[in-house]
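Undergrad: For reference, the structure I am asking about is given below.
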Amino acid sequence: MGLKHRGPDWSGLYQCEGNFLAQQRLAIVSPLSGDQPLYNADRTIVVVANGEIYNHKKIRKQFASKHTFSTGSDCEVIIPLYEEYGEDFVDMLDGVFAFVLYDTRTKTYMAARDAIGVNPLYMGRGSDGAVWISSEMKALNEDCVKFEIFLPGHLYSSAAGGLRRWYKPQWFAENVPATPYQPLVLREAFEKAVIKRLMTDVPFGVLLSGGLDSSLVASVTKRHLIETEAAEKFGTELHSFVVGLEGSPDLIAAREVADYLGTIHHEFHFTVQDGIDAIEEVIYHDETYDVTTIRASTPMFLMARKIKALGVKMVLSGEGSDELLGGYLYFHFAPNKEEFHKETCRKVKALHQYDCLRANKATSAWGLEVRVPFLDKDFINVAMSMDPEWKMYNADLGRIEKWIMRKAFDDEEQPYLPKHILYRQKEQFSDGVGYNWIDGLKAFTEQQVSDEMMKNAAKLYPHNTPVNKEAYYYRMIFERLFPQESARETVPWGPSIACSTPAAIEWVEQWKASHDPSGRLIASHNSASANHTNHANANGNCAHQANGTNGVPVVANGTATGKMEA
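Residues in the sequence shown are numbered consecutively from 1, following the UniProt record's numbering.
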């Protein structure tokens, strides 16, 4: 299956003996000169990449006297780094990426994926032992006898013969940190993360739900846009986008924030039927049967199509904050800071299967790129090295969820946001676009799946058995599109409440009996939040934690497939 949807701007192909590299390009940086594959001067090293390397100009200066750059592509810096340091250079890249590099001199190749897994990547084996690598599973499922997720923060080396982790931050060990909260340090790290993501040669905007995370992204972007090269090309007006059912919480909240910031605001409406009609396409592009991912992806998928139709090719979004900072409402019930911190670690490690997957694939379906400042490596290091006591809900001290971000951006002299927005309680994305969306999905799937079908669910789907009719309906579609055992094994599963991991279900006895992943159970029972219900609802983006020597390196902003023999 082709992946031209991910990169409609250019198709590139390289062949050397039995080795193939192919790429579909979505041109964001240097659209006129960055076509791939990319080569070194004598064309002995070949790279295909899906990525944004935010420190590429610094690296270019470093190698100006040693390397002749032939394009303006930010990903070309991968080549001189490899020539200088071999395979041990990946941590020097500041950005998000999935790439394959082939060295014709040694007939070896390497592949790597960014730290958190913002950009998707899969790896498989053909019946002849060939290795296949692709940005999406759909490019592998017809040619590979087995395939799996290419783990974030890892690289594959044909020379060394396997995967190894290149991303090794201190927080990965899940030891509880002790660094005190420094609001200005946190604020500066986030502002830098946003500013570096304004690197673009095409029109862009921000996704604005009106919740804390997207509002801060929009506010910082608006404040610093005038300082960037993007402003010289496209001016200082910022476009913002929101999607929801008529009268939904997101539409109301986003409109208020957009008015305050002075953005050119675009409000997209959809109906429950619009969403239902799109579900099969969403599952095809997302490559998952996870209930909350599909719920949240569908309005995002519909919105992405409208945004691309306006001529915008890149947007900034607020994914990752809730995982890093313990922003989901269920974190209020963490029994101690040790459990709180371990849960944030588990959530961040799993992002590639949930929010990152949703944000990337639901938008890439229409050739739109999403950038996520909260998942900047440097910002993650600041956020995850902080004593988790500061992140925890504390009614006596007046701290609600994500208080550390709210406090860091609570500037009396030059306010980033009005206080009632800055201290507004979060709402899950799929709930925020309109409560009737979830209720409509449940009602629809109730009609599509009979009680008899549910009785036989365990026989038909012994792996990750659906626990309700909505999950069963999504699974039916997924199995039709991706019938291989390897495909169903890429989707994680387990009990969850309001985006919790299965481990956090143990915090509250009554959660164990619920099969509804929505955050409503938390909201209705969360007396700890009672003092904050006067704040208007706004959404955050929920990631539901539930539910040889031969090879084919094929990566892209879309990915094609081929066959590679070393």
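Positions of the beta carbon are idealized from the N, C-alpha and C atoms, including for glycine.
1. If you run the structure through DSSP and keep just helix, strand and coil, what is S215?
2. Looking at the structure shown, is A538 part of a helix, part of a strand, or coil, going by DSSP?
3. Got a sec? Which residues, its chain only, sit under 8 Å from G367 by beta carbon, not counting five neighbours each side?
4. Enumerate, from N- to C-terminal direction, the unbroken beta strand (DSSP E) stretches of 3 or more residues contained entirely within the stretch 16 to 54.
5. Give the DSSP-derived three-state secondary structure of Q545 in the structure shown.
6. What are the start and end residues of the beta strand (DSSP E) that includes L400?
7. Can you tell me whether E413 is buried or exposed, with buried defined as 16 or more other CB within 10 angstroms of its CB?
8. Where A189 and S157 are concerned, what is the direct C-alpha to C-alpha distance, given to the nearest angstrom?
9. Under three-state DSSP, which class holds A365?
10. Do the CB positions of F97 and G51 come within less than 8 Å of each other?
11. For the structure I just gave you, are there three or more beta carbon pairs, one from the stretch 451 to 468 and one from the stretch 271 to 280, closer than 8 Å?
12. In terms of alpha-carbon separation, which member of Y472, E191, F340, L441 lies closest to W507?
13. Straight-line CA distance for T445 to Y102?
14. Is it buried or exposed, G34, if we count other Cβ atoms within 10 angstroms and call 16 or more buried?
15. Three Cβ pairs or more, each shorter than 8 Å: is that satisfied between the stretch 140 to 148 and the stretch 192 to 204?
16. From N541 to A41, what distance separates their C-alpha atoms?
17. Please report the distance separating the alpha-carbon of R165 from that of L155.
18. Nearest by alpha-carbon distance to S486: which of G494, P31, N464, C499 is it?
19. Could you tell me whether the Cβ atoms of A139 and L3 are closer together than 8 Å?
20. According to the neighbour-count rule (16 or more other Cβ atoms, all chains shown, within 10 Å of its Cβ), is Q448 buried or exposed?
21. Pick from A513, T221, V257, D201: whose alpha carbon is nearest that of E232?
22. Rounding to the nearest angstrom, what Cα-Cα distance links N534 and S317 in this structure?
23. I'd like to know whether the C-beta atoms of P483 and R475 end up nearer to each other than 8 Å.
24. Compute the distance between the beta-carbons of P203 and V243, then report whether it is under 8 Å.
25. Sorted by chain position, which residues of the same chain lie with C-beta nearer than 6 Å to P495's C-beta, five sequence neighbours on each side aside?
26. Evaluate the contact criterion for the stretch 407 to 423 versus the stretch 204 to 224: three or more CB pairs, one atom per stretch, below 8 Å.
27. Measuring only the C-alpha atoms, how far is F147 from F331?
28. The beta strand (DSSP E) with E229 in it runs from where to where?
29. Beta strand (DSSP E) containing R125: first to last residue?
30. Taking only three categories from DSSP, how would you classify D9?
31. Taking all protein chains shown into account, do 16 or more other C-beta atoms lie within 10 angstroms of the C-beta of E17, making it buried, or fewer, making it exposed?
32. Classify D396 as buried or exposed, calling it buried when 16 or more other Cβ atoms lie within 10 Å of its own Cβ.
33. If you reduce the DSSP assignment to three classes, tell me which class N360 lands in.
34. Got a sec? Which residues, its chain only, sit under 7 Å from N531 by beta carbon, not counting five neighbours each side?
35. Pull up the DSSP beta-bridge partners for F204, would you.
36. Based on the DSSP secondary-structure assignment, which residues constitute the bridge partners of M110?
TA: Judging by the given coordinates:
1. It is helical.
2. In this prediction, A538 has a pLDDT of 29, which is less than 50 and means its spatial position is unreliable; nothing more can be read from the coordinates.
3. If the five residues before and after G367 are omitted, its C-beta is found closer than 8 Å to the C-beta atoms of H5, R6, G7, P8, D9, L26, K308, K313, all from its own chain and listed in chain order.
4. DSSP runs (the beta strand (DSSP E)) wholly in the stretch 16 to 54: 19 to 25, 45 to 53.
5. Confidence is the limiting factor: at Q545 the pLDDT is only 32, short of 50, which leaves the residue's position unreliable, though a coordinate-based value still follows. Reduced to three states, the DSSP call for Q545 is coil.
6. Leu is not the amino acid found at residue 400; the sequence shown has Ile there. Note, I400: premise wrong, no beta strand (DSSP E); not H, not E.
7. Classification for E413: exposed.
8. The straight-line gap separating the alpha-carbon atoms of A189 and S157 is approximately 33 Å.
9. A365: coil per DSSP, three-state reduction.
10. Contact flag set, yes.
11. Output reads no: the stretch 271 to 280 does not touch the stretch 451 to 468.
12. Ranking the options by Cα distance to W507, first place goes to F340.
13. Distance between the alpha carbons of T445 and Y102 is about 47 Å.
14. Answer is buried; the Cβ neighbour count reaches 16.
15. A contact between stretches requires three or more CB pairs, one per stretch, nearer than 8 Å, and the stretch 140 to 148 fails this requirement with the stretch 192 to 204.
16. For N541, the pLDDT reaches just 37, beneath the cut-off of 50, and the residue's location in the model is therefore unreliable, leaving the point undetermined.
17. About 6 Å.
18. Put simply, of G494, P31, N464, C499 the residue whose alpha carbon is nearest the alpha carbon of S486 is N464.
19. Taking 8 Å as the Cβ cut-off, A139 and L3 qualify as a contacting pair.
20. Exposed, by the Cβ-count rule.
21. Of A513, T221, V257, D201, the residue nearest in Cα terms is D201.
22. Here the model assigns N534 a pLDDT of 33, short of 50, so the residue's position is not dependable and the matter cannot be decided.
23. For P483 and R475, no; Cβs fall outside 8 Å.
24. Against a cut-off of 8 Å, the Cβ pair of V243 and P203 comes out as no contact.
25. The residues are P502, I505.
26. Because the criterion of three Cβ pairs below 8 Å is met, the stretch 407 to 423 and the stretch 204 to 224 touch.
27. Computed Cα separation, rounded: 34 Å.
28. Here E229 belongs to no beta strand (DSSP E); instead the alpha helix (DSSP H) covers 229 to 234.
29. From DSSP, the beta strand (DSSP E) with R125 extends over 122 to 125.
30. Here DSSP, grouped into helix, strand and coil, assigns D9 to coil.
31. E17 should be labelled exposed.
32. Classified as exposed, D396 has fewer than 16 neighbouring CB atoms from the shown chains inside 10 Å of its CB.
33. Per DSSP, reduced to three states, the secondary structure at N360 is helical.
34. The pLDDT assigned to N531 is 39, lower than 50, so where the model puts this residue is not dependable; a value taken from the coordinates is nonetheless given after this. Same-chain partners within the cutoff: A395.
35. BP columns for F204 point to M314.
36. For M110, which the question treats as bridged, DSSP gives the partners L101, S157.
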